[in-house]
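Here's the structure, in structure tokens; my notes come after.
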Amino acid sequence: MQNKSTRALYLIPYSAWIILFVIAPIALVVYYSLFDIHGDFTFANYRAFFSSVYLELTLSSFWYAFLITLFSLLIAYPTAYFLTKTKHKQLWLLLIIIPSWINLLLKTYAFIGIFGQYGPINAFFTAIGIGSTQLLFTDFSFIFVSVYIFIPFMILPIFNAIDRLNPALIDASRDLGASPWTTFRRVILPLTMNGVKSGIQVTFIPALSLFMITRLIAGNKVITLGTAIEQQFLVTQNWGMGSTIAVFLILFMFVIMLFTGQKEKGGASDGKTK
């Protein structure tokens, strides 16, 4: 009986945190989504979300988030794999993670200078005879900067998954005559899929709601759900529509988390292999 009461006591701070900082904010967003710009109760915001404008915006957001996640994964997986093979892997991993500690706004302004008309890239293009090129305010610059920002978050869970992989399984696959590609496809990738799913979660979900990079790097030529929410709250002052978009963004996040849920698989090097 005492253990149950002690356990219930320990749950109070956790429960209070969840109620105050998870459930209450979501409830407020849902509440405000039921009012129009004049403060009248309505479901018009939800009907408006299914109009062609917002559906196109949603598809565009998913498309850019998919591209950012895909390029991040294509770079992060081989990087994480080769990091696990290096001598000072923890040091190299730290060097990759350190840039993520720098303020996002500072990194964004740094890329404005790099991609700018008089930046080092255009200076190099001019020197080799290509001439100055408009790099800012393009899809390329937006995706490039976004991938750069999210790569550390993609590398870390994949690195941990590969680093925990039991090397005896890889040796057994090779002893049985499997090619390196077959070993990767049938052994390494399935056993590190939890790391890939975690990386997809921490990349795809934030990429859906980007707004600072879309303004500063893409020049508002790229509009995402995050940009639309910012415009509804700060520009048009339509908190109801902004909250409605936020409600659907939260739903999309839950669906993504559901599809990328982790399932434990064997093969981790936990010291029990004999």
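Under my numbering, the first residue of the sequence shown carries the number 7, and numbering increases by one thereafter. The C-beta atom is built at its ideal place from N, Cα and C for all residues, glycine as well.
Neighbourhood of residue i by C-beta distance below 8 Å, restricted to the same chain and skipping five residues each side
| i | result |
| --- | --- |
| Arg192 | Ser179 and Ala184 |
| Thr92 | Trp98 |
| Val28 | none |
| Ile297 | Residue 297 lies beyond the stretch modelled for the chain, which goes from 7 to 280, so this question has no answer here. |
Start-to-end residues for the alpha helix (DSSP H) that takes in residue i
| i | result |
| --- | --- |
| Ser39 | First-last for Ser39: undefined, no H or E at that position. |
| Ala128 | Note on residue identity: the sequence assigns Asn, not Ala, to residue 128. Start and end: Pro126 to Ala133. |
| Leu111 | Leu110 to Phe121 |
| Leu255 | Trp245 to Phe265 |
| Pro173 | Pro173 to Asp181 |
| Arg221 | Met218 to Leu222 |
| Asn200 | Met199 to Leu214 |
| Gly167 | It should be noted that the sequence gives Ala, not Gly, for residue 167. Where Ala167 is concerned, the enclosing alpha helix (DSSP H) stretches over Asp145 to Asp169. |
CA-to-CA distance, residue j to residue i, given in whole angstroms
| i | j | result |
| --- | --- | --- |
| Trp187 | Ser106 | 32 Å |
| Ile251 | Asp169 | 39 Å |
| Leu1 | Ile155 | There is no way to answer for residue 1, as the model of the chain reaches only from 7 to 280. |
| Lys203 | Val36 | 29 Å |
| Gly225 | Thr144 | 8 Å |
| Asn166 | Tyr87 | 10 Å |
| Ala22 | Leu222 | 38 Å |
| Thr75 | Arg13 | 40 Å |
| Ile298 | Gly205 | Residue 298 lies beyond the stretch modelled for the chain, which goes from 7 to 280, so this question has no answer here. |
| Thr266 | Asp42 | 35 Å |
| Lys95 | Leu63 | 41 Å |
| Ile104 | Ala82 | 16 Å |
| Met199 | Gly135 | 45 Å |
Nonlocal neighbours in the same chain, by C-beta distance under 7 Å from residue i, ignoring five residues either side
| i | result |
| --- | --- |
| Gln123 | Ser138 |
| Leu73 | Ile149 |
Residue(s) in a DSSP beta bridge with residue i
| i | result |
| --- | --- |
| Leu15 | Answer is none; Leu15 lacks a bridge partner. |
| Phe47 | Phe41 |
Cβ contact (3+ pairs, closer than 8 Å) linking the segment 209-226 and the segment 156-167: Yes, the segment 209-226 touches the segment 156-167.
Are there three or more Cβ pairs, one per stretch, closer than 8 Å when the segment 101-117 is compared with the segment 126-134? With a cut-off of 8 Å, the segment 126-134 and the segment 101-117 do not count as touching, because too few Cβ pairs lie within range.
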